[in-house]
Amino acid sequence: MSPSENRQFCSFLLDGMLFGVDVGDVQEGLRDQRITRVPLASSMIHGLINLRGQIVTVVDLRQCLDLPKYIGDRPPANIIVRTRDEPMSFLADEIGDVLSVSESDFEPAPETLRGVAVDLIRGTYKLDDGLIRVLDTQQIADYVVAKAGQGQT
Amino acid sequence: MGELDDFVNDFLIETKEGLGQLENDLVALEENPQDADRLGSIFRILHTIKGSAGFLEFSTLRDISHSGEHLLGRIRNGEITLSPALSNSLFRLIDAIRELLASIEESGAEGDNSFVELKRQLGSADTKSETKALAEPTEEKSREISEFQASDESCSDDTITVMAPADHAPDETAEFAQSASEASGFSRDDITAMDDSKNGGYHSVQQAPDPPLVERLTKPPKPPPEASPPKSDSKISGSGSSASNIRVEVDLLNRLMNLVGELVLTRNRILQVTSGQQDPDILNTTQRLNQITSELQDGIMRTRMQPIGGMWQRMPRITRDVSRQCAKKVRLEIEGTETELDKSLIEGLTDPMLHLVRNAIDHGIESPNSRRLNGKPEEGRLTLRAFHEGGQVIIEIDDDGSGLDMDKIKHRAIQRGFISSEESLVMSADELQQSIFLPGFSTADQVSNVSGRGVGMDVVKTNIEQLGGMVSLKSTLGQGTVVRITVPLTLAIIPALVVTRSGDHYTIPQVNVVELLRPDSVTFASNVERIHDAFVYRLRGKLLPLVELGNLLEVERPESTMDESGAAASHLIVLRAGERHFALMVDQIIGTQEIVVKPLGVALETIGIYTGSTIMGDGSVSLILDVLGLGRRAGLFTRDEQAVIGEPESMEDETLVVVERLLICEVGLNRRIGISIRSLTCVEHVARADIEYSVDEEVVQYRGGIMPLIRLSHFLMDESETNDSDSLYVVVHRAGDRHVGIVVDRVLDITDTPSGIERSADGNSPITGTAIVQDRVTDMIDPDRLVRIAGLFLPTTVGAEASQEN
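Quick note, the sequences are listed as chains A and B, same order. Count along the first sequence starting at 1, add 93, and that's the number in the working numbering. Count along the second sequence starting at 1, add 26, and that's the number in the working numbering.
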């Protein structure tokens with residue numbers, strides 16, 4: 094990809110930080126979905142929703158990224174993303190706009206990044222008023238599936 | 027071969043259908059060599075195969091069918107009679123045709139084997155005339171088949187005439203639905219043809235493989251029927267039906283099925299949303315929607331339905347072969363061939379069925395000799411039966427053989443370590459019979475060529491459970507065995523019980539539900555027992571492990587709800603997990619509902635406690651519980667696994683008594699005793715009011731007999747019974763063929779026999795020793811010695827066991 098090219102990310106907030114996933118991965122954003130919890134599943138799996146007849150697994154991104162539990166007034170939002178095997182829903186505190194960034198503003202994830210985030214965060218893009226951390230959709234899906242076999246975490 | 031591929035495909039399908047019939051006819055002919063109808067039928071099918079093979083230039087196939095046909099012609103003309111050797115050759119011919127078909131299917135060519143030997147067996151006289159004798163009219167003068175001659179010739183000479191059925195340009199789509207419902211009727215004809223050979227059977231055989239092919243050859247090629255057609259197995263139909271059937275790809279049906287599933291869910295949703303509405307327009311419309319959806323669902327499901335008779339076509343041949351191999355005489359009876367079930371289920375059931383049939387003949391039905399000795403007819407009966415019951419399909423494999431020897435099974439199960447001996451005490455005969463489904467279990471004295479080749483009943487069970495079905499077995503010694511398979515009509519939409527726990531909805535497949543209980547709090551409290559940290563529920567005298575759904579799923583840990591005292595009114599579901607039953611406690615039972623099974627995401631597959639999910643009427647997602655998984659999580663099967671792992675050591679142990687388990691009871695004030703569970707059959711609650719007296723003994727009526735009671739406290743010089751409730755705990759001990767009840771105050775636990783027992787030398791005390799069990803001093807009681815000291819029975823029956831134990 095040439096440095097001048099623009100890329101678009103669907104942005105969302107987690108614990109006050111701005112994150113993003115590639116717009117091409119996102120199917121839709123939904124609010125107020127009834128989530129059925131799945132007892133005995135890993136804590137990264139928040140539950141299941143009915144997406145027009147299809148059962149979609151809801152991933153708690155905060156758990157994946159070792160962030161503290163969400164305690165907001167509004168229920169979290171579902172970002173439906175496409176992954177290799179099936180659509181999944183990523184749970185975000187708040188869904189933001191689609192942001193266009195220039196490839197030249199890309200910075201790889203800092204080497205000091207801790208824990209699991211190393212694999213899940215692809216890198217960051219500099220914005221006028223901060224950073225957007227870009228998540229790798231497929232990596233997160235793989236991570237959740239891999240960890241699911243280990244029971245409750 | 028190019029465009030001929032379609033024809034070849036059709037030819038393969040039709041020939042396979044024909045072969046099934048051919049096989050059954052041959053089995054019947056062997057029974058009754060004078061049956062001219064059968065002979066005619068076999069003759070015609072072979073002739074058709076020969077004709078089609080000739081047209082498609084499969085020369086080996088044509089030649090061997092011709093040899094067979096020629097042989098049959100000679101039999102029909104009375105030149106030779108059907109000897110066992112000849113019929114064997116004919117069966118081999120069928121196998122050879124199958125082999126060729128398989129080869130054609132795979133590679134498009136016949137392969138190298140030209141079956142010279144087989145042709146020689148089928149009749150050496152005929153080698154020279156092979157090539158030109160494609161349609162020898164001289165062979166077709168028999169009265170029985172004359173009416174079909176026209177069609178025979180049309181195929182075998184290369185002059186293809188359009189048959190009548192092809193003339194009514196079929197409105198295929200319109201007739202399709204109709205044909206689906208007719209399919210069962212046709213197949214019934216095929217099958218009856220196996221039993222009686224009246225004209226009905228005759229018709230169905232003759233024309234089926236033949237006219238459709240002819241018709242197709244004369245019409246522009248249809249889209250390739252890649253997937254096997256929905257009705258192919260069962261449809262050997264009458265002449266008119268070829269025009270009203272079309273072949274549809276299974277993929278398309280699956281897609282339609284999914285869409286209908288969605289529609290059903292949407293309908294459920296609409297019904298719920300509009301349930302409070304008053305507007306008659308809305309009510310009427312939803313009512314109509316409801317009706318149409320149900321009918322559509324029914325119709326689409328039916329397109330995937332096939333009569334089970336198709337799968338059973340192979341059974342007569344298999345019965346014949348296996349019974350010969352085992353030197354047994356078996357008469358096969360088939361009932362309910364028209365019973366329909368989902369195509370995928372039929373496919374999944376084929377192997378288990380074959381295994382069960384082989385098993386029944388090999389292990390179930392006795393040799394003619396021993397049957398005669400037992401006053402049974404020499405010929406054994408094997409009945410295959412299928413019917414619908416309560417939205418499910420029941421298939422029974424019923425033989426009148428020797429049945430299962432319960433003692434042998436009990437012994438075997440304990441010996442193999444599948445159940446512990448204390449488990450065998452509490453297991454009913456029914457449960458015990460189910461243990462033959464455990465892996466590696468076999469009561470066969472020797473492995474035979476037919477069964478016992480490693481594919482055991484456990485595989486049958488696994489296969490059937492994978493289909494969402496159940497398998498159980500009922501057997502009476504000397505009278506026979508019935509294996510019963512229960513499968514849902516279809517896998518995609520199943521009836522399920524909806525329950526709630528902590529506000530969440532869960533669904534349980536109906537097939538696992540045995541019964542629902544709603545004891546009030548008093549009944550509940552009096553029937554729940556606590557054994558250490560486990561709970562059991564007493565149901566009609568049996569103890570069921572009791573688990574609470576919330577506990578199991580770890581959604582809450584309510585300490586109080588399970589307490590004997592504090593239990594609120596509760597909902598219990600008795601569930602069947604494999605051969606075990608257990609009671610599951612939930613908050614509420616909502617009811618039974620048809621649910622559409624949806625797969626779980628990859629991330630949830632590994633939990634092992636859900637089989638899938640479904641969407642409830644309100645649009646929310648509900649998890650479908652895997653009852654086997656629940657049982658496993660509750661620890662129901664851990665003992666089996668431990669037993670299997672621990673088997674080698676314990677079997678080697680010379681002092682078997684040491685590894686036995688002890689029932690720990692309390693008698694009097696703080697006095698603990700341990701009784702080896704080996705000779706105990708169960709623990710009973712006996713009401714004080716039920717105690718009667720005979721001479722000066724306390725007795726109770728038990729299982730239709732009189733059971734004397736022994737107050738253990740009397741023998742322990744401790745008269746202070748602390749149980750002052752209305753009922754007594756009675757440990758039932760089996761002495762010889764009689765039962766003795768040992769009265770204790772409380773049953774505490776079952777543990778391993780400790781190693782450090784200090785033996786007691788006093789032969790006049792029932793206490794054989796003392797040990798420390800669970801930090802408490804515990805006296806070991808030998809129940810046989812207790813009985814002897816109490817002077818209850820003749821010592822001969824008891825003595826043998828007692829001396830063995832010491």
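C-beta: ideal position from N, C-alpha, C; glycine also. Computed from a prediction, not measured in an experiment: that's the story for all the values here.
In this structure, Asn-58 of chain B and Gln-339 of chain B do not form a Cβ contact; the two beta carbons are roughly 19 Å apart against a cut-off of 8 Å. As the crow flies, the alpha-carbon of Asp-235 of chain A is around 32 Å from that of Asp-222 of chain A. Distance from the CA of Arg-697 of chain B to the CA of Gln-459 of chain B, rounded to the nearest whole angstrom, comes to 38 Å. Within the same chain, and ignoring the five residues on either side of Thr-777 of chain B in sequence, the residues whose Cβ sits closer than 7 Å to its Cβ are Arg-687, Leu-688, Ile-690, Val-799, Gln-800. Excluding sequence positions up to five before and after Glu-121 of chain A, its CB lies within less than 6 Å of the CB of Ile-173, all in the same chain and listed in chain order.
Neighbours of Ile-138 of chain A in chain B, taken as residues whose beta carbon is under 9 Å from its own, are Gly-627, Ala-629, Leu-630 in chain order. Counting only residues of its own chain and dropping the five nearest sequence neighbours on each side, Gly-427 of chain B has a CB closer than 8 Å to the CB of Ala-386, His-389, Gly-390, Ile-391, Glu-392, Gly-406, Gly-506, Thr-507. One Cα belongs to Arg-760 of chain B, the other to Val-769 of chain B, and the distance between them is close to 14 Å. In the DSSP assignment, His-607 of chain B is bridged to B:Arg-602. Between Val-540 of chain B and Val-600 of chain B a beta carbon distance of about 4 Å is seen, short of the 8 Å cut, so the two are scored as contacting.
When beta bridges are read from the DSSP output, Leu-499 of chain B appears opposite B:Val-509. Contact of Val-600 of chain B with chain A by beta-carbon distance below 9 Å is absent, the smallest such distance being about 22 Å. In the structure shown, Phe-183 of chain A adopts extended strand secondary structure according to DSSP, grouped into three states.
Taken through DSSP and simplified to helix, strand or coil, Met-642 of chain B comes out as coil. If you draw a 10 Å sphere on the C-beta of His-92 of chain B, you find 16 or more other C-beta atoms in it, and that means buried.
Residue range 793–799 is occupied by the beta strand (DSSP E) that includes Thr-794 of chain B.
Contact with chain B is absent for Glu-121 of chain A, since none of that chain's Cβ atoms lies less than 8 Å from the residue's Cβ. Listed by position along chain B, the residues whose Cβ is nearer than 7 Å to that of Leu-141 of chain A are Ser-639, Val-647. Shown in chain order are the members of the region 152–180 of chain A whose Cβ falls below 7 Å from a Cβ of chain B: Asp-178, Glu-179. Taking CB atoms only, Ile-815 of chain B has no neighbour in chain A less than 8 Å away. Asp-652 of chain B has a beta carbon lying at 8 Å or more from every beta carbon in chain A. At a beta-carbon threshold of 9 Å, none of the residues of chain B lie near Thr-230 of chain A; the nearest stands roughly 14 Å away. The residue among B:Asp-456, B:Thr-526, B:Ile-520 with its C-alpha nearest the C-alpha of Val-497 of chain B is B:Asp-456. Beta-bridge partners of Pro-161 of chain A (DSSP): none assigned.
Counting along the chain, the unbroken beta strand (DSSP E) around Ala-560 of chain B starts and ends at 560–565. Measuring C-alpha to C-alpha distances from Ile-68 of chain B to each of B:Glu-43, B:His-558, B:Ser-85 identifies B:Glu-43 as the nearest.
Fewer than three beta-carbon pairs drawn from the region 301–312 of chain B and the region 650–660 of chain B are found closer than 8 Å, and the two stretches are therefore not classed as touching. Residue environment: Asp-808 of chain B is assigned as buried (16 or more neighbouring CB atoms within 10 Å of its CB, all protein chains considered). When the Cα atoms are used, Arg-155 of chain A and Pro-168 of chain A turn out to be separated by approximately 14 Å. As DSSP reads the structure, Cys-691 of chain B sits in a beta bridge with B:Ile-699, B:Val-773. Residue-level contact check: Val-237 of chain A touches chain B, since one or more beta carbons of chain B fall below 8 Å from its beta carbon.
In the assembly as shown, Gln-492 of chain B is an exposed residue. Its beta-carbon has fewer than 16 other beta-carbons within 10 Å.
Burial of Ser-501 of chain B is indicated by the presence of at least 16 other C-beta atoms within 10 angstroms of its C-beta. Remark: C-beta atoms of Ser-135 of chain A and Lys-240 of chain A approach each other more closely than 8 Å.
C-alpha of Ala-439 of chain B to C-alpha of Thr-707 of chain B: approximately 16 Å in a straight line. Under the three-state reduction of DSSP, Phe-102 of chain A is assigned to strand.
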